[in-house]
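Data first, discussion second: the structure below is written as structure tokens.
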Amino acid sequence: MSESKKTFVITRFDPDKDEVPKTQEYEIPVHEDWKVLDAINFIKDEVDPTISHRWSCRMAVCGSCGMMVNGEPKLTCKTRLSDYGDRVIVEPLANFPVIRDLVSELDGFMEKFQAVKPWVIRAKEEAGAVSASNPPKSSKGTFVQSAAELAEFKQFSLCINCMLCYAACPVVANEPEFLGPAAIALGHRYNLDSRDQGLDERNEVFRGEGTVFSCSFANECSEVCPKNVDPAAAVNQAKFGAVIDWATSLVLPRPGASKEGGK
Amino acid sequence: MRHFLLRIEPVIWLLFGQGLLIGTMLLTGWVLVVGIGVPLGLIDPAALSFDRAHALGSNIIGRLVLAALIVLPLWKGAHHLRHLSIDFRGAERDVVVAPILYGIATVASLLGVLAVARL
Amino acid sequence: MAGPAHPKAMTPSKPGRTRTAPPQMPASWWSHPRIRTYLLFDATGLVYLLLGLVALRVIWALGAGPEVWDATLASLSSPLYVAFHVIGLVSVIFVGVRFFSFFPKSQPPRIGPAKPPPQPVILAGLYVAWIGVTVLFGLILAGRIF
Amino acid sequence: MVEVSRHDIIIVGGGAAGLRAAIAAAEADPSASIALVSKVYPMRSHTVSAEGGAAGVAREDDNFEMHGQDTVKGSDFLGDQDVIQYFVEQAPKELALLENWGCPWSRNDDGSVATRAFGGMTVKRTWYAADKVGFHMLHTLFQHSMQFENIVRYDEYFVSKLLVEDGACRGVAALDIRTGDMHAIVGRAVILATGGAGKIFPFTTNGMIKTGDGMALAYRAGVPLKDMEFVQYHPTGLPGTGILITEATRGEGGHLKNSEGERFLVEYDYGVGQKAELGPRDMISRASILEMEAGRGIQGSYGEYVHLDLTHLGEEKIMSRLPMVRELCKIYAGMDPVHQPIPVRPVVHYMMGGVDTDIDGATTLPGLYAAGEVACVSLNGANRLGSNSLTECLVFGARAGLHSLEFAKGSAAGSDDGLRAQAEEEAARVDALRGRKKGGEKIAAIRHEMTSAMESGCGVFRRQESMGAAVEALVQLKGRVSDLRLEDDSKVFNTEVIAALELHNMLDVAEVVAVSAHHRKESRGAHTCRDFERRDDQNYLYHTLCYHDPSGPRLDKKDVTLGRWEPVERKY
Ligand SMILES: Cc1cc2nc3c(=O)[nH]c(=O)nc-3n(C[C@H](O)[C@H](O)[C@H](O)COP(=O)(O)OP(=O)(O)OC[C@H]3O[C@@H](n4cnc5c(N)ncnc54)[C@H](O)[C@@H]3O)c2cc1C
Ligand code: SF4
Ligand code: F3S
Ligand code: FES
């Protein structure tokens, strides 16, 4: 394993001490097969334990280690250090308030995520509906779903909530109400699921406050997404769905049907 | 205002989308011939003589095509400019910018329909 | 150059439990080629708006009689107009190429029972339509047919 | 002053077990207030990394009897058979329930849920969603849980102490990582669902958060830890990082090969018989190590390894069934399994042991429940079968949720003042730790010494002597840890304090593992002692209990619940 040295320029911010974020430089030896996260962990363990950052799985699936690396949102446990030169600039995710150092505020996303109702909505009248207290009687108590129906939404269910897309999207940066790529993709994921009946409810959210139409198809979200979710596709498909929903609501006004979640 | 903008969003988006799709397709030929070919003398100006042009434009298909040619790009333009404004820290001024842009597009669209109607 | 984002970007509705530093836009905002392309794409809005207005002026003239029509056509030969239309042509092609490449994936996998064709087919269809419309419309305008 | 918030049930952990418990309780009683406390946002919980699948009888050619038999045999007869019986009966219902909630299970041609083969299972009964099963299960559960208004989340709160009053567990002291303030979250019952403790070893499939906190919390509150000597090594981890290459690779037909290119499980007798690559994990891990010892390993920059060969499966199958494996190999091993064999070696994966609970998830401390990997309900015995644990989280998470609700209804809430006082004591402990510059020991250094002690003492193959050395090393490290030096004196998002608290927890858990292992003078399941190579049902067919005692861990025994499956020699 050959070793070389690299300098890391890391954003530091402690709300109790600092007015504004500043940067701090660390020169450390790095292994050639390290990811960016390995270097940050090395600094935390061996050089400066006062750095705060989030990480856990180190296998690109928990979604906690997103940061800006040389200005681009990256999943740091997946990003090879060898792709960078001698100076690597690591900042907290763009477009989010910063709690401390490399840690950004995610509660805003959690609210938007919840707003799109990311769960299977079934018509309430359905007799003997399955619930936690009335589980299926056996493995047969499942919906029939063809591989093709699964394929329709599968891609959009792969989102790990890493927030890289939010850090890249120019509309997220400037339009605080915008639901944003991942939240819309996850809502759309349920709209496309053959088991779901909540289309109307979600379309109301999509068309209302936080409108999906704010997206200007910058496509940056899909460029940076580490899981190939292609949220830009989801957002723009959702616009399409919202327009159809709006058009049908003109022709066939829904007498409160949407409130009961049925169709 | 914001609420109103949210309500009309689907219509705007439809017009904008068609501006991108149909507008782009129609504009390509239009600009090539009317904007560049004829003025530069690459195409015989006789093709756009008043009589021929009027005959082409005043039948029903001609009217529809010309109306689309005028109206759709306006909405593509207005909507994209609104986005551009938002992209430059424009969320607050949007309640002013959007009505102005959509206002221009609306007035020009009405004039466009009128222009086609009186052919 | 990273700049501040909207101060409320991605801010929760409940007040934060600790003071936070305001959100910043990505450093790539200006320097990144992809972002520049995107901004250019949005900026073609101005060109489209003007192209629409010019078209309005021309068609209006067509309804105003032969004299006005001829004068209007003549004015289009001014260098300013020609330059504008050259920019217009470049913009239209740029918009078409970018938008059509995105268009297929923005089609839902299913509208009710109907399924759109596979994405490459949609893309090919768009280009065929684009070239077809341009040739047809162009030839008609240029007096080669009808 | 410490803030007090009140709920009915407090669930510590937002992984599969915690979420399933929360949903169960929230739905059963919409008027009950459920606190869901987690040190990371729930979707970051390590359940997210599970790849292969979740077991539950689904096919016509399968039945509960067979699933039970496989599990008992896999456990090397240390599993409690009443628990196993209940588990196999509930498993398909729970998995079907998850399907109803939107989990994107892979499908058969007729639209029914597909199942795959897994190690130690005689029939294809492992439900899967490609090879991102834990990810999909966790996100389905979390997203489903969002609709319940009576689930109140405490995201990024680190629980550092159980609050016990009048002999019952009445809440937790939780450090708000965001503000650095201690909170008393109090109620009528507490469920621990904090997952495993793989991080006490250097080379593990577990993420950074799996530090055994819940085990240490219960242990220090006087609840025994059970069967902690049984640590599962997964045969196929990537050298260096320890990232897991799922057992589903073998379920789908992958082969393990040595440096000669031989399928060593077929060529040599390692006890797995006809099952070959589909044998149980303990046996295959031992086989891999023995191959290396016999000089048939392959040398790499991160030590010796063997090969996991998928090349004969073809690109199409790999992409449809094992896309994540390919992605992981490309990023973390720099190779493509479609064309090359994957370098793998045994890696610490799962804790069979945990907080001692009964079948309801109840511990010996009234009001305290545990479920998931943190608990030892004695489903897994001495060796867990792959894909049983995700289902375990659902089955026993749900049961613990419902039983804790019952308990809560009949129990008094603790006193604000008394519990606050306890939390304040805890706050003082943490405050003293924060920015403790007078110390001399580094967190990273102690952690490193602890993990190497565990590896050399409690690895795949153990010796009385090596385990004894590990115990001694841990006692010594526990002494040194009181002299930690911490540099970060900020209150906001101070991850150094968290690391210190986790280190304390890991040392406690590691010590229990080493002590429990040292006492078990036989070889059973994952516990392989070279000094006693045979299983000894005469003297050791019991669960090990380990109690916290000021003078050091104190061991005790608990009977195994046998039943229809009599212990016999474990041969495949
Ligand atoms: C790589 C890998 C692959 C696996 N594959 C499979 C498989 O294919 N099939 C299978 O059946 N099993 C598999 N397993 C095992 C299975 O995934 C785990 O046993 C299971 O997910 C554990 O779930 P859990 O809910 O108990 O804990 P976790 O998912 O680990 O969740 C623990 C929760 O507790 C919280 N927590 C912990 N400590 C504290 C604290 N002090 N304060 C507050 N909150 C705390 C955490 O934030 C987290 O939310 C795999 C495991 C790994 C590591
Ligand atoms: S859509 Fe992609 S980039 Fe966005 S949060 Fe999900 S996984 Fe991350
Ligand atoms: S980057 Fe943003 S603008 Fe739309 S296409 Fe993606 S959400
Ligand atoms: S650490 Fe989990 S995604 Fe990077």
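So the sequence lines, in the order shown, correspond to chains P, B, R and U. In terms of numbering that gives the first Met the number 0, the first sequence is residues 0 to 262. In terms of numbering that gives the first Met the number 0, the second sequence is residues 0 to 118. In terms of numbering that gives the first Met the number 0, the third sequence is residues 0 to 145. In terms of numbering that gives the first Met the number 0, the fourth sequence is residues 0 to 571. For every residue, glycine included, the Cβ atom is placed at its ideal position computed from N, Cα and C.
Beta carbon of residue i nearer than 8 Å to that of residue j
| i | j | result |
| --- | --- | --- |
| Trp100/U | Trp118/P | yes |
| Ala90/U | Leu161/U | no |
| Ile263/P | Ile110/R | Lying before the first or after the last residue shown, residue 263/P is absent from chain P, which here runs from 0 to 262. |
| Val346/U | Ala525/U | no |
| Ser403/U | Ile190/U | yes |
| Thr43/R | Phe102/R | no |
| Val1/U | Ala422/U | yes |
| Leu401/U | Ala24/U | yes |
| Gly51/R | Leu73/B | yes |
| Trp564/U | Gln68/U | yes |
| Gln236/P | Gln106/R | yes |
| Ile58/R | Val115/B | yes |
| Lys557/U | Tyr541/U | yes |
Cβ-heavy atom distance, residue i to ligand 4, below 7 Å
| i | result |
| --- | --- |
| Ala166/P | no |
| Ala59/P | yes |
| Trp33/P | no |
| Cys64/P | yes |
Any non-hydrogen atom of ligand 1 closer than 7 Å to residue i Cβ
| i | result |
| --- | --- |
| Cys392/U | yes |
| Asn205/U | yes |
| Asp154/U | no |
| Asn387/U | yes |
| His348/U | yes |
Proximity test, residue i beta-carbon vs ligand 3 heavy atom, cut-off 7 Å
| i | result |
| --- | --- |
| Pro169/P | yes |
| Cys220/P | yes |
| Pro230/P | yes |
Distance between beta carbons of residue j and residue i, contact taken as under 8 Å
| i | j | result |
| --- | --- | --- |
| Leu483/U | Leu506/U | Not a contact, Cβ separation roughly 11 Å. |
| Gly14/U | Ser44/U | 4 Å |
| Val343/U | Leu237/U | 7 Å |
| Pro108/R | Leu191/P | 7 Å |
| Leu77/U | Arg523/U | 6 Å |
| Arg419/U | Val3/U | 5 Å |
| Tyr349/U | Glu326/U | Contact flag wrong, Cβ pair sits at about 23 Å. |
| Thr527/U | Arg285/U | 6 Å |
Closer than 7 Å: residue i CB and nearest ligand 2 heavy atom
| i | result |
| --- | --- |
| Asn160/P | yes |
field: Cβ contact check for the stretch 29-42 of chain U and the stretch 152-166 of chain U: 3 or more pairs under 8 Å
entry: yes
task: Taking a Cβ distance cut-off of 8 Å, strictly less, list which residues of the stretch 30-62 of chain R are near chain B, in chain order.
output: Leu38, Phe40, Asp41, Ala42, Thr43, Gly44, Leu45, Val46, Tyr47, Leu48, Leu49, Leu50, Gly51, Leu52, Val53, Ala54, Leu55, Val57, Ile58, Trp59, Leu61 and Gly62
task: Closer than 8 Å, Cβ to Cβ, to anything on chain R: give me those residues from the stretch 153-180 of chain U, in chain order.
output: Asp175, Arg177 and Thr178
- request: Please name the residues in the stretch 337-355 of chain U whose beta-carbon is closer than 7 Å to at least one beta-carbon of chain R, in chain order.
  value: none
- request: Evaluate the contact criterion for the stretch 308-320 of chain U versus the stretch 334-341 of chain U: three or more CB pairs, one atom per stretch, below 8 Å.
  value: yes
- prompt: With contact counted as at least three CB pairs below 8 Å, one residue from each stretch, are the stretch 79-87 of chain P and the stretch 21-41 of chain P in contact?
  reply: yes
message: Assess contact between the stretch 482-499 of chain U and the stretch 175-185 of chain U, defined as three or more Cβ pairs (one per stretch) separated by less than 8 Å. Is contact present?
response: yes
query: At a Cβ cut of 7 Å, what residues of the stretch 482-508 of chain U count as close to chain R, listed as they run along the chain?
result: Val491
message: Beta carbons nearer than 9 Å to chain P: which residues of the stretch 83-99 of chain B have them?
response: Leu83, Ile85, Asp86, Phe87, Arg88, Gly89, Ala90 and Asp93
- request: Could you say if the stretch 125-139 of chain P and the stretch 154-165 of chain P meet the contact criterion of at least three C-beta pairs nearer than 8 Å?
  value: no
message: Any C-beta of chain P within less than 8 Å: which residues of the stretch 0-14 of chain B qualify?
response: Leu5, Glu8, Pro9, Ile11, Trp12 and Leu13
- request: Select from the stretch 55-71 of chain P all residues with a C-beta closer than 9 Å to any C-beta belonging to chain U, and list them in chain order.
  value: Ser55, Cys56, Arg57, Met58, Ala59, Val60, Cys61, Gly62 and Ser63
task: Report the residues of the stretch 89-110 of chain P with a CB closer than 7 Å to any CB of chain R, ordered along the chain.
output: Ala93, Asn94, Phe95, Pro96, Val97, Ile98, Glu104, Asp106, Gly107, Phe108 and Glu110
query: Are the stretch 101-113 of chain B and the stretch 13-20 of chain R touching by the rule of at least three beta carbon pairs closer than 8 Å?
result: no
message: Below 8 Å, how does it come out for the stretch 46-61 of chain B and the stretch 26-34 of chain R: are there three or more Cβ pairs, yes or no?
response: no
query: At a cut of 8 Å, does the stretch 312-321 of chain U reach the stretch 197-216 of chain U through at least three beta carbon pairs?
result: no
query: So, do the stretch 248-256 of chain U and the stretch 109-118 of chain U have three or more beta carbon pairs nearer to each other than 8 Å?
result: yes
query: How do the stretch 165-180 of chain P and the stretch 244-252 of chain P stand: do at least 3 beta-carbon pairs fall below 8 Å, yes or no?
result: no
- request: Evaluate contact between the stretch 108-115 of chain B and the stretch 69-78 of chain R, counting only Cβ atoms and requiring at least three cross-stretch pairs below 8 Å.
  value: no
message: Is it the case that the stretch 535-552 of chain U contacts the stretch 502-516 of chain U, given that we only count it when at least three CB pairs across the two stretches are under 8 Å?
response: yes
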